[in-house]
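What follows is a single structure, written as structure tokens, with notes after it.
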Amino acid sequence: MKLRFLLLLTALAFSGAQAQTQQWITRYNGAKENIDRGNAVATDASGNIYTGGYSFTKGEGRNAVILKYNASGALQWSTLYNTTSDKTDEVKDIAVDSAGNVYVTGVGNSNYLTLKLNASGTVLWASSYNGLGQDYDEAVDIAIDASGNVYVTGRSDRDEFVNINYDYATVKYNAAGVQQWVSTYNGTGNLDDRANALALDASGNVYVTGQSFNPANEDAVTIKYNTAGVQQWIKIENRGFGDDTGEAIVADASGVYIAGESFNGNDYDYVTYKYDLAGTAAVWSPVFFNDGATDRGVDIALDSGGNIYVTGRSETAAGNFYDITTIKYNSTGVQQWKNVYAYSDGLDDRPSALTVDAAGACYITGRVATAGLTDNLVVLKCNANGTTQVWAQVYNDTGNLDDSGLSVALTGSSVVIAGVGYAGTATQNDILTIKYDAAAGTQQWLQRFNGTGDNTDRPRKLFVDAAGNSYLAGYSLQTGTNRDVMTIKFSPAGSILWSQIYNSLINTDNVDEGFAIIADNSGNVYVAGIADNDYLTLKYNSAGVLQWAQIYNGLGLGFDEALSIGLDPAGNPVVTGRSDRDATAVINYDIVTIKYSAAAGTVLWTATYNGASNGNDRPECMTIDAAGNVYIGGRTIAGATEDALVIKYNNLGVQQWASTYSNIFGNDRINAIEQNNNNVYAAGFVNNGTNDDALLLKYNALGVQQWVKTFIDAGEERFYDMDSDSLQNIYVSGRTYTGSDFDALTAKYSSAGVLKWLSKYNNGPDDSGNDIAVDCAGFVWTTGSSLNGSADDVLILKYNGKNGQQVWSSLYNYTDNLYDQAYDVAVRGSGNTNKIYFTGSSESVAGQGDAFMSLYQETSPLLTITPAGSTVCAGTSLYVQGASLGSFVWKEGSTILATDTVYTIPAAVTGTHTYTVQWTSGMCNTSASKTVTVIPPIQPLVTGGTDVCQNGNYTYSVAPIAGTTYLWTVTGGTIVSGQGTPTITVHWTGSGGQSVTCVQTLP
């Protein structure tokens, strides 16, 4: 007779993905920068009118603008020109040749910008000049000769030192825009020298005037260059009392004329100079004009008879208001007449420009102040004998704020003005071009150019606190101040609790921007970024009130920007960024890291990293561990290329180690850094000689490289961000070129560097993952962009962290089907609730992005452990119930036992044990625990008779175990009694092959 004992345990496997729902999305649309300004006007022989200036444009900030109108005022074309700069593109002066080609000069990307356009407004060439200091350069005047050569002059910074030391810089281009020569002038004071105007004579010689420090004060300096740019002579005018300047210049066959201002010991006078072309003598002694107090000459004109006209502003007594005063001198410098224009309100009236017609009548434009303390545009005409103002027209634009005429020109029997007018809050300042009848002053037409403006608000980084409040930092375009630092706090429900705009005190039109943000446990908010080319660190309290602002201007007193921020264990903020190390023109940024006290913003320490090549070093990311050690990832110059760089500082700012990684090709970079269990992981890319490969590195606590992993596809591959879980699994996001387009790339590596899974997302022509986070349940969230036709959509991807299966995806396209992109993702978990926050920029109008913040929420199933009983056998498997997609870790105390959905108790284990299972992300407090008594495996023994007779009754038993169920099975007989108990009675009916079996089951 065969006896058999079986012990069976079963468990059910539950499946089902957590569903995520969008809780809210909030958009932030700040003020609008919509200022347009017309600086210069010119006309051609056909009566067409050309205006140049600048216009704020969607997504591009300030652009140079050139407009062409026909004689009737119909716009023929408008051309916008944008360099890589968002703030400095501007036309300062304009000229037209006989073929209708248009030439403009000004500033673009902080350099001289000179353009030639054809009669249809197409840019034929663009030339820039970046001076010796590789810093700010601005051209202010332009002239063209009969051969189509172009001459421009202005100011150019000679070095990168903080002291102002501009030089005159005059540049000649040929008709094709090729630079022929540059001539500079640095005055004896080696300080601020500025050329204000230039003129040409019939032989192509160039005359430049302006002002130069001597070094006690300013002198009026006029220089002549020949056609090859060689200086022929220089005239320096110093009256001996203070500043003297040359503001405007004209030339004819008899000489060169300069108008400006000169200090007389008490106040300023108009001054007019005339030199012969050879520079051997002053044709006149300087002619001064004083009307009783301060007088300042601003422009000059010359008629065909050699008479000179100078206009400016003058006071009749100290403390009085300015009047527009115009003076005529004959060819020998004798004053012929004086004409004074005072607007009826008796406040300041100031001219900007003048011109003279063939009959000797002069036309002046500028602005007049009103009783409402705003300015109106003015244009006026004086007759040839200066005794009469033939007419004066004052224009107050519809917004009833400041308007001004800035340039004037003649065309046929008309006079045209270019300037600026305020039309109201919606459009702000517009470019005004106005045409008047020269005889009577009747306005013939007015055309305004209102550019699109720039209403961009762009977040750079987000942070979420433990209470579910979310914060973002970035920039917002503000009226009249360009980019300002934007900081916003959102409630857990998505409403804006407060928003703050920070505009650096010395900045009226430069770039301020927040790049990183964090909040402490008390709700104080810290922002790092840039303010007027210096580090900026801000602290706001929980109500959004600014507590302090710290500026750091580095050793080179040049460009500095803070790029990342974190908090040490005491809550002190640490910022890192790049800072120019010296004032040379060579680019040699250092990585400068600063710790401030949280209370007052006092500098606690500053650490500087300058690579071995003394080149351009830059951080891209930073993290701080629980001991206050600071880890920075970025790049450093090594010879002619860049190496990937990781630096560690201790809590006192002392460098512990710095490690670089490169292959033979260089140009490598770290984009993201993680510290986990004393190990440091860094992700980025490395160049392979043709393109980039994605890069992942691991270092131990001493900075020793443990392993390096690269991912290679069909082209360029890059990792942009990373996250980790409690098991030191590493998750990276980026993009990969698959042979035809880019796909978003997400991958998981173990702590040993083993690739666990890799997923590509291909929706449109180009997809990219910008940021990544692991949620409470171990799901992986990647965000970025996906190209949809001609514009990007916000891309959100969710992956199973265990196997890389894509669980869900979403594309966000605002109603206008324009550019939308996410920059950052953050995750907060509480209980079994996961909250996933996204921020980015979304266009509501083409080129004008709004900042947005969005929250998705998912509820993870509660975890349970089976089997349910409190007593189990060694060798029993425990199962987690609640979610089959997530990744889990089994622990007893702090000891990790397994990293799967099942844990099998070893055969040698006995006694009472408490087992806990939780999500591997380590961010959630959701877990399940079970205390069990583990007993040795049961050694079954059925006792009873084995020699039996047919039709006889026999008793069989097993050792009883408390709580156990019993299932008896009999072959060749029937159970008379006892089923479900440790003992049964069997009646045997068979004649052979009988058996009895008991299955004992523990609860």
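For the sequence shown, numbering that gives the first Met the number 0 assigns the number 0 to the initial residue and increments by one for each residue that follows.
Even for Gly, the Cβ is constructed at its ideal location relative to N, Cα and C.
On a predicted model such as this, the values are computed, not experimentally measured, just so you know.
Compare the beta carbon distance of residue i and residue j with 8 Å and say whether it is the shorter of the two.
i	j	result
Y184	V149	no
Y308	F288	no
A606	G652	yes
T863	A776	no
V629	V573	yes
L379	R366	no
V1009	V985	Summary: the structure shown does not reach residue 1009, with the chain confined to residues 0 through 1002, and so no result is reported for it.
G683	A713	no
D158	G132	yes
A219	G259	yes
I1008	K460	It is not possible to answer for residue 1008, since the shown part of the chain is limited to 0 through 1002.
G933	V871	A small fix is needed here, since residue 933 is Val in this sequence, not Gly. For V933 and V871, yes; Cβs fall inside 8 Å.
A125	G147	no
D92	Y80	no
Since residue i and residue j are thought to touch, with beta carbons under 8 Å apart, how far apart are those beta carbons, to the nearest angstrom?
i	j	result
A408	T113	The Cβ separation is near 20 Å, so there is no contact.
Y1005	L854	Nothing can be reported for residue 1005, as the shown portion of the chain is limited to 0 through 1002.
G254	K327	At roughly 17 Å, the Cβ-Cβ gap does not stay under 8 Å, so G254 and K327 are not in contact.
Y748	V779	About 12 Å separates the two Cβ atoms, so there is no contact after all.
Y965	V995	So it is not a contact: roughly 12 Å between Cβ atoms.
I48	A94	Not really, about 13 Å apart at Cβ, beyond 8 Å.
G305	S330	4 Å
G241	F262	3 Å
V151	D140	7 Å
List the endpoints of the continuous beta strand (DSSP E) containing residue i.
i	result
F778	Taken as a continuous stretch (DSSP letters only), F778 belongs to no beta strand (DSSP E), as it is neither H nor E.
L603	V602 to Y608
R572	Going by the sequence as given, residue 572 is Pro instead of Arg. Per DSSP, P572 belongs to the beta strand (DSSP E) from P572 to D579.
Q704	Q704 to F710
C361	C361 to A368
G665	Careful: G665 lies outside any beta strand (DSSP E) and carries neither H nor E.
K91	E89 to V95
N769	D766 to V773
D691	D691 to Y698
Using DSSP's beta-bridge definition, name the partner residues of residue i.
i	result
E59	E59 pairs with nothing; no bridge assigned.
E716	T735
R157	Per DSSP, none; premise fails for R157.
K594	V573 and W604
L301	I307
A637	T640
Y588	D579
S284	S284 is not bridged to any residue.
L877	Y902
E217	F212
W111	Residue 111 is actually Tyr in this sequence, not Trp. According to DSSP, which records beta bridges pairwise, Y111 is partnered with V106 and Y128.
R617	R634
K67	Y49 and W76
Going straight from the alpha carbon of residue i to that of residue j, what length do you get?
i	j	result
L794	E619	23 Å
Y551	N649	21 Å
A548	N117	49 Å
F741	G555	40 Å
G868	G991	40 Å
E641	T875	56 Å
E217	G72	43 Å
A368	T441	22 Å
T364	P350	6 Å
K1	T930	Any reading at K1 is ruled out, since the residue's pLDDT is 23, under 50, leaving its predicted position unreliable.
N506	W232	Confidence in N506 is poor, its pLDDT being 47 and thus under 50, which makes the residue's placement too unreliable to answer from.
A194	V229	17 Å
G203	G176	17 Å
Q993	Q880	42 Å
L11	N950	For L11, the predicted model reports a pLDDT of 23, less than 50, meaning its position is unreliable and no value from the coordinates is stated.
L566	N615	26 Å
F514	K234	50 Å
Y470	D483	17 Å
A751	V901	23 Å
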